[in-house]
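Numbering (the working numbering) for the sequence shown: 223 to 895.
For glycine and all other residues, C-beta sits at the position ideal for the given N, C-alpha and C.
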Amino acid sequence: MQQPVSLLLGVHAHQPIGNFPEVLEDAHFRCYKPFIETLHRYPDFHFAIHFSGWLLDYLFEHYPQDMALLKDMVARGQAELFGAGDTEPVLAVIPNRDRIGQVETLSRKLAEKLGQRPQGAWLTERVWDSTVVPSLVDCGIRYVIVDDYHFLCAGNTAKQLNGFYTTEEDTRKLDIFPISESLRYKLPFTPAPDAIAYLESLADEQSSDNNHPRVAAVYFDDIEKFGIWPETYQWVYEKGWLEQFIQGVLASPKISPCHYSDYHANEKTSGLVYLPTTSYIEMNTWTLPAESAEAYDDLVKQSKTAGWYEQNKAYLRGGIWKNFLSRYPESNWMHKRMLGLSARLASLPDNQRTLTMQEKLYAAQANDAYWHGLFGGLYLPHLRRAIYNNLIALEAMLDACDQRKSIQVQDIDLDGIEEICLQNNALQIILKNDNFASIVEFDAYSLSHNFGDTLQRQTEHYFHKIQLDGQNAADSSHLDTGITSAHDRILNKHVVHASDLKPDTHPRHLFVDWLDDQLVDYQYIDSNSSTVQFQSKTSSLSILKAFTLSDSRLNVHYQFSDNSHNAFRIEINLAMPSCDGMGGRFVTHDNNLGNFGQLHSLTQITEIQLIDDTLGGCIVLSTSSPVQFSAIPHFTVSQSENGFEKIMQAVTIQLDWIIQSKALTVSLDVSPQ
Numbered sequence: 223m224q225q226p227v228s229l230l231l232g233v234h235a236h237q238p239i240g241n242f243p244e245v246l247e248d249a250h251f252r253c254y255k256p257f258i259e260t261l262h263r264y265p266d267f268h269f270a271i272h273f274s275g276w277l278l279d280y281l282f283e284h285y286p287q288d289m290a291l292l293k294d295m296v297a298r299g300q301a302e303l304f305g306a307g308d309t310e311p312v313l314a315v316i317p318n319r320d321r322i323g324q325v326e327t328l329s330r331k332l333a334e335k336l337g338q339r340p341q342g343a344w345l346t347e348r349v350w351d352s353t354v355v356p357s358l359v360d361c362g363i364r365y366v367i368v369d370d371y372h373f374l375c376a377g378n379t380a381k382q383l384n385g386f387y388t389t390e391e392d393t394r395k396l397d398i399f400p401i402s403e404s405l406r407y408k409l410p411f412t413p414a415p416d417a418i419a420y421l422e423s424l425a426d427e428q429s430s431d432n433n434h435p436r437v438a439a440v441y442f443d444d445i446e447k448f449g450i451w452p453e454t455y456q457w458v459y460e461k462g463w464l465e466q467f468i469q470g471v472l473a474s475p476k477i478s479p480c481h482y483s484d485y486h487a488n489e490k491t492s493g494l495v496y497l498p499t500t501s502y503i504e505m506n507t508w509t510l511p512a513e514s515a516e517a518y519d520d521l522v523k524q525s526k527t528a529g530w531y532e533q534n535k536a537y538l539r540g541g542i543w544k545n546f547l548s549r550y551p552e553s554n555w556m557h558k559r560m561l562g563l564s565a566r567l568a569s570l571p572d573n574q575r576t577l578t579m580q581e582k583l584y585a586a587q588a589n590d591a592y593w594h595g596l597f598g599g600l601y602l603p604h605l606r607r608a609i610y611n612n613l614i615a616l617e618a619m620l621d622a623c624d625q626r627k628s629i630q631v632q633d634i635d636l637d638g639i640e641e642i643c644l645q646n647n648a649l650q651i652i653l654k655n656d657n658f659a660s661i662v663e664f665d666a667y668s669l670s671h672n673f674g675d676t677l678q679r680q681t682e683h684y685f686h687k688i689q690l691d692g693q694n695a696a697d698s699s700h701l702d703t704g705i706t707s708a709h710d711r712i713l714n715k716h717v718v719h720a721s722d723l724k725p726d727t728h729p730r731h732l733f734v735d736w737l738d739d740q741l742v743d744y745q746y747i748d749s750n751s752s753t754v755q756f757q758s759k760t761s762s763l764s765i766l767k768a769f770t771l772s773d774s775r776l777n778v779h780y781q782f783s784d785n786s787h788n789a790f791r792i793e794i795n796l797a798m799p800s801c802d803g804m805g806g807r808f809v810t811h812d813n814n815l816g817n818f819g820q821l822h823s824l825t826q827i828t829e830i831q832l833i834d835d836t837l838g839g840c841i842v843l844s845t846s847s848p849v850q851f852s853a854i855p856h857f858t859v860s861q862s863e864n865g866f867e868k869i870m871q872a873v874t875i876q877l878d879w880i881i882q883s884k885a886l887t888v889s890l891d892v893s894p895q
């Protein structure tokens, strides 16, 4: 008698820490609520689900009725819970002590809130690195899921991937399920009857040999595909795809919806496997620099045209997730700052470490703001800001326990260039010891904010797809025959001009200087407990540049060798939370000049305020001599599942001054409102 195929269907639910409340509300309305309510009506449809810990806490607080339904499905044996790191970190890029802490935190939370401790774990972005095996096993995790692509890269064939395999690392054994790429692209994008027919075909193909495990159709993917992705709410719920699919599965004698735990307990391993470090196939493109990504894409297109891509795609391998840290300096900077604070926290005596410190560290390890592709939030200022809010708050707590020196020199980001940290418990500046002599990070501890948190504009490999100076409209006329995956959509959310895609020629830091339209080339001289000094290398005019902190004021003092009447420009890139929103504004002499997203130009200015309601504070910029003041919004262009979009990263302030005396001081005073 033919055995039915075991449908192992799992979904992963996550929202980035720091996401906007309206986004969370919309995600609940269009996805989490209807999905849970629909599944609850079908007790015999077994499935697996993973919620990141932060999202789970949010849903319990705001939508307890939905969580009551989920808890009921767990209690009646319908839903299997999957664990992971609590804040959804990429486990491979955090210390082992934090991996264990993160996984244990979520496992305890699931047991306490929903009554089940997980046996399986979701790997963030399906990033596989064998170094995570010991920490997972030590936390009681028995199996994980990764893409079938991972197995193909290890030399397995597609026909072999119908159960689970076993791997080991440092004497720990872990089982691994391969997620079907075919199912990932079919659910929920093809009509339900077609998806059912595909699953039934897998039952028809399986061996009748009892020595072989029962064939498993393995699916585990983002729940956001079921309502949040473009067009999916209408398709999945209003047009009834999800109910049609569930009813079709339950009505089919060839399909048996099954828990991963039951399949794992009742079937045996298909054998030993050692997987290479990789993620899902699309991610391997996103991690590459633009030029390499274009070459990789061209090679993939050539292979598809020649007809040999499918059978050889495992050997056309791109980059790995960690490449984001080398590709984007801003991502690497956040990551290395996080590692440094993790080490400081671990070195504290037990009686000084607190749960709040641990929560701040774990929140700063959330993956979203560290990478970029079709998804990933590196380009989203509010997600990077959430990382820095937690890092800076943690740093203040650590300083209260173990006070740092006011000045420290080290190579934080491992780029071969030392950084100089100057802090006074109210403010911190971190200067790059390079020819720009600029501030890469400017922290206000009272606000837990980094005013240097911006993004340098660089070329992305997808820029050639952008419709310049125009806008596309979405086409939903095909909803009866399926919908287009976000991976295949090309849509402009904003009008994009060629100038918006031009890469920056210098860092988007604070206090980058020009003399007669040429960047000033500096060299580090010395520093003491309160001052860091640089000297220009320019022969025509000598400039001494000194940074000092005084309470909540940053002073940057310029000393010129003569009053030469040269044109001098200072560029200050400030990450203001409101950016082009209504909560941010320039004010001078009690006059509201407009928001940060507008162009501003003022003459003979010695003081101006930047007030930001989201920040809950303001900066007062003042100069010792009148200057020409200009403010320009700094935009980047990026892609998301909703299309290509322009995002304001910072306000770029330019101070122009004709050198008429031998000194100029620019000050930034930071204070709560």
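Beta carbon of residue i nearer than 8 Å to that of residue j
i      : j      : result
Val899 : Phe448 : The structure shown has nothing for residue 899, since the chain only spans 223 to 895.
Ala249 : Phe304 : no
Ile661 : Arg559 : no
Asn785 : Met804 : no
Ala797 : Ala872 : yes
Lys331 : Asp294 : no
Ser274 : Ala306 : yes
Tyr365 : Gln382 : no
Tyr496 : Thr389 : yes
Leu616 : Leu563 : yes
Leu861 : Tyr610 : Correcting the residue identity first, residue 861 is Gln in this sequence and not Leu. For Gln861 and Tyr610, no; Cβs fall outside 8 Å.
Val179 : Leu396 : The structure shown does not extend to residue 179, since the chain spans only 223 to 895, so no value can be given for it.
Thr887 : Ser846 : yes
Ala235 : Leu261 : no
Gln678 : Glu793 : no
Val227 : Ile477 : yes
Secondary structure of residue i, DSSP reduced to three states
i      : result
Gln831 : strand
Ser749 : strand
Asp798 : According to the sequence provided, residue 798 is Met. The question's Asp does not apply to it. In this structure, Met798 counts as coil in the three-state DSSP scheme.
Pro894 : strand
Glu390 : strand
Ala666 : strand
Gly839 : strand
Lys868 : strand
Ala648 : coil
His719 : coil
Asp369 : strand
Asp738 : coil
Phe282 : helix
Gly529 : coil
Val471 : helix
Leu677 : coil
Gln876 : strand
Arg443 : One point to set straight first is that residue 443 is Asp, not Arg, in the sequence displayed. In this structure, Asp443 counts as strand in the three-state DSSP scheme.
Gln456 : helix
Arg607 : helix
Tyr780 : strand
DSSP bridge partner residues for residue i (one or two, in chain order)
i      : result
Gln632 : Glu641
Asp484 : In the DSSP output, where bridge partners are listed per residue, Asp484 has none listed.
Gln757 : Gln745, Leu766
Asn672 : Asp665
Gly816 : Phe808
Leu303 : Ile271
Ala885 : Gln781
Proximal residues to residue i (C-beta, below 6 Å), its chain only, five neighbours per side dropped
i      : result
Asp697 : Reliability fails at Asp697, whose pLDDT of 44 lies under 50, so the model's placement of it is uncertain and no value is given.
Pro238 : Asp590, Gly599, Leu605
Ile841 : Leu832, Leu890, Val892
Leu741 : none
Ala414 : Trp463, Gln466, Phe467, Gly470
Other residues of its chain near residue i: CB distance less than 7 Å, five sequence neighbours each side excluded
i      : result
Gln224 : Ala425
Ala333 : Arg339
Met579 : Leu567, Leu616, Met619
Leu246 : Gln237, Tyr280
Contact test: residue i Cβ vs the ligand NAD heavy atom, cutoff 7 Å
i      : result
Arg559 : As far as ligands go, the structure on display features none, and thus does not contain the ligand NAD.
Within the segment 305–355, note down every full beta strand (DSSP E) run reaching 3 residues or more, in order along the chain. 342–344, all fully within the segment 305–355.
As an exercise, report each continuous alpha helix (DSSP H) stretch of at least 4 residues that is fully enclosed by the segment 532–597, in chain order. Taking only runs of at least 4 residues, the alpha helix (DSSP H) segments lying wholly in the segment 532–597 are 545–549, 551–569, 577–585.
Entirely enclosed beta strand (DSSP E) segments - the segment 224–283, minimum 3 residues: Within the segment 224–283, the complete beta strand (DSSP E) runs of at least 3 residues are 227–235, 269–273.
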